[in-house]
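Q: This is the structure I want to talk about, given as structure tokens.
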Amino acid sequence: MKAIVVTDQAAGTAGMKLVERPEPQAAMNDVVVQVHASGFTWDELTWPSTWTDRLGRDRTPVIPGQELAGVVTALGYGTTGLSVGQRVFGLTDSYRGGTLAEYVAIEARNLAPLPGDVDFTVGASVAMPGLTAWQGLFEHGRLQAGQSVLVHGSAGAVGSMVTQLAREAGGYVIGTGRAAHRQKALDFGAQEFVDLENDALEDVGGVDLAFDVFGGDIAKRSAGLIRARGTLVTIAGPTEARPANGLVVDFVVVSDRAQLSEIVRRVRDGRLRTNIGNVSTLDDAVAAFNPTKRIKGKTIIRVRP
């Protein structure tokens with residue numbers, strides 16, 4: 001099968017190559033999925049889990065990619081809940097990866113059924129951002145109707161999902177980003193927008209929840225805006241930022257079948273819009289991940305036509 005592989009962490013996406021690899025086999029509780037569409041997170045090649053197994057052993061050459069949508073072609077021993085021929089979408093374990101390929105072996109529990117009227121490209125594009133937004137807002141942020149939510153990078157793949165889900169849940173959304181992203185953030189549902197290059201973030205005042213994707217100085221400044229018993233949620237890794245009278249949670253997204261089903265139901269209902277920036281083929285994936293100009297939205301690789 002065709003697959004994208006990486007062997008050199010220092011080279012980043014420039015070290016990606018399209019090669020032939022053996023098709024994977026389904027272990028216990030696995031399924032093999034014929035991948036129709038796949039996603040790739042921009043900083044995935046910096047994650048320790050991309051390069052080693054859970055015991056810290058090197059596993060190069062690595063097939064990266066966690067996000068996928070496709071069709072189940074084989075079941076491992078003991079696998080239940082899915083069937084051969086079923087359309088599915090979800091995330092692989094980051095220690096396994098492997099979705100930038102024609103086939104991938106994945107734990108069945110990490111997948112949810114993909115309705116027949118939802119395109120594979122859409123399914124692959126909402127898995128990671130949708131789950132990240134859902135878990136950050138509802139599991140870790142405990143968002144309630146009427147609360148204010150500061151959403152950093154609100155025009156991005158994750159931020160746009162956070163904005164839409166927060167609005168649906170009754171939150172008041174203040175988006176942030178570059179000036180050029182203002183209208184896109186407002187189109188996704190932000191009720192206010194802060195230009196981080198020219199506006200004073202502190203003018204926002206107090207918020208109940210801040211969803212951080214940047215880390216660093218932005219996270220620290222956001223911590224100062226958290227109201228008593230509020231929460232700063234970040235996906236940018238461990239942070240020294242601490243709200244004076246609130247919580248800080250840094251988390252890593254995990255696949256969840258029930259949450260994936262809630263997300264795709266909202267996509268079908270028109271309550272949740274995708275944020276796809278570029279769709280490329282597996283043959284052109286290396287170039288797609290090394291663009292000559294900035295791409296707005298999520299890049300998706302269409303593995304099968």
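Mapping to the numbering used here: the sequence shown position 58 is 58, numbers consecutive.
Note that beta-carbon positions come from the ideal geometry of N, C-alpha and C, so glycine has one too.
Keep in mind it's a predicted model, so treat the numbers as computed, not measured.
#1: Less than 6 Å between C-beta atoms, sequence neighbours within five positions excluded: which residues of the same chain meet that for Ala157?
#2: Beta strand (DSSP E) containing Ala37: first to last residue?
#3: My assumption, with CB atoms under 8 Å, is that Gly206 sits in contact with Arg227. Please give the rounded CB distance.
#4: Quick check: the Cα distance between Leu75 and Ala69, rounded to an integer number of angstroms?
#5: For Gly215, which option in Val233, Thr46, Pro64 has the closest C-alpha, if you only look at C-alpha atoms?
#6: Is the stretch 254-266 touching the stretch 134-151 in the sense that three or more CB pairs, one from each, lie closer than 8 Å?
#7: Assuming His152 and Asp217 make a contact with CB atoms under 8 Å, what is their CB distance in whole Å?
#8: Can you give, in chain order, each stretch of the alpha helix (DSSP H) that sits fully within the stretch 201-250 and has at least 4 residues?
#9: Give a yes or no on contact between the stretch 30-47 and the stretch 96-113, applying the rule of three or more CB pairs nearer than 8 Å.
#10: Tell me whether Gly130 sits in a helix, a strand or coil according to DSSP, three-state version.
#11: Considering only the alpha carbon of each residue, which of Lys293, Arg304, Phe289, Gly123 lies closest to Gly12?
#12: Starting from Glu168, follow the alpha helix (DSSP H) in both directions and report where the run begins and ends.
#13: Quick one: which unbroken beta strand (DSSP E) runs of 3-plus residues sit fully inside the stretch 29-116? Chain order, please.
#14: Please confirm whether Val369 and Val162 have their CB atoms less than 8 Å apart.
#15: Please report the Cβ distance between Ala112 and Gly85, rounded to the nearest whole angstrom; I am assuming they are in contact, meaning their Cβ atoms lie under 8 Å.
#16: Sort Leu131, Arg142, Ala185, Ala287 by Cα distance to Ile4 and report the nearest one.
#17: Counting C-beta neighbours from all protein chains within 10 Å, is the total for Lys184 16 or more, i.e. buried, or is it exposed?
#18: Looking at the secondary structure, which residues open and close the alpha helix (DSSP H) in which Ala285 lies?
#19: Where do the ends of the alpha helix (DSSP H) carrying Glu262 lie?
#20: Among Tyr172, Gly116, Arg271, Ser280, which residue has its Cα nearest to the Cα of Arg302?
#21: Is Phe138 helix, strand or coil by DSSP?
#22: Output the distance between the C-alpha atoms of Gln25 and Gly81, rounded to the nearest integer angstrom.
#23: Can you tell me where the alpha helix (DSSP H) with Leu186 in it begins and where it stops?
#24: Got a sec? Which residues, its chain only, sit under 7 Å from Arg242 by beta carbon, not counting five neighbours each side?
#25: Based on Cα-Cα distance, which residue from Ala236, Val194, Leu201, Lys293 lies nearest to Leu225?
#26: Which residues in the same chain have their Cβ closer than 7 Å to the Cβ of Arg268, if we skip the five residues on either side of it in sequence?
#27: Thinking just about the alpha-carbon of each residue, which of Gln9, Leu18, Lys293, Asp8 is nearest to the one in Met1?
#28: When you compare the CB positions of Leu209 and Gly230, do they come within less than 8 Å of one another, or not?
#29: Using beta-carbon positions only, say whether Arg178 and Leu196 come within less than 8 Å of one another.
A: The short version:
#1: Once the five neighbours on either side are set aside, the close Cβ partners of Ala157 are Pro129, Asn275, Lys298.
#2: Looking at the DSSP string, the run of the beta strand (DSSP E) that includes Ala37 is 30-39.
#3: 4 Å
#4: Their backbone Cα atoms lie some 16 Å apart in a straight line.
#5: Val233
#6: Taking 8 Å as the limit for Cβ pairs, the verdict is that the stretch 254-266 does touch the stretch 134-151.
#7: Cβ atoms of His152 and Asp217 stay farther apart than 8 Å, at about 12 Å.
#8: 216-223
#9: These segments touch.
#10: helix
#11: Phe289
#12: 157-168
#13: 30-39, 67-75, 87-91, 103-107, 111-113
#14: One cannot answer for residue 369 here, as it falls past the ends of the chain, which runs 1 to 305.
#15: For a cut-off of 8 Å, the C-beta gap from Ala112 to Gly85 is around 16 Å, too long to register as a contact.
#16: With distances taken between Cα atoms, Ile4 lies closest to Ala287.
#17: buried
#18: 285-288
#19: Annotation: the continuous alpha helix (DSSP H) that includes Glu262 extends over 257-269.
#20: Ser280
#21: helix
#22: When rounded, the separation of the alpha-carbon atoms in Gln25 and Gly81 is 18 Å.
#23: 182-187
#24: Ala223, Val248
#25: Leu201
#26: Pro115, Asp117, Val118
#27: It is Leu18.
#28: yes
#29: yes
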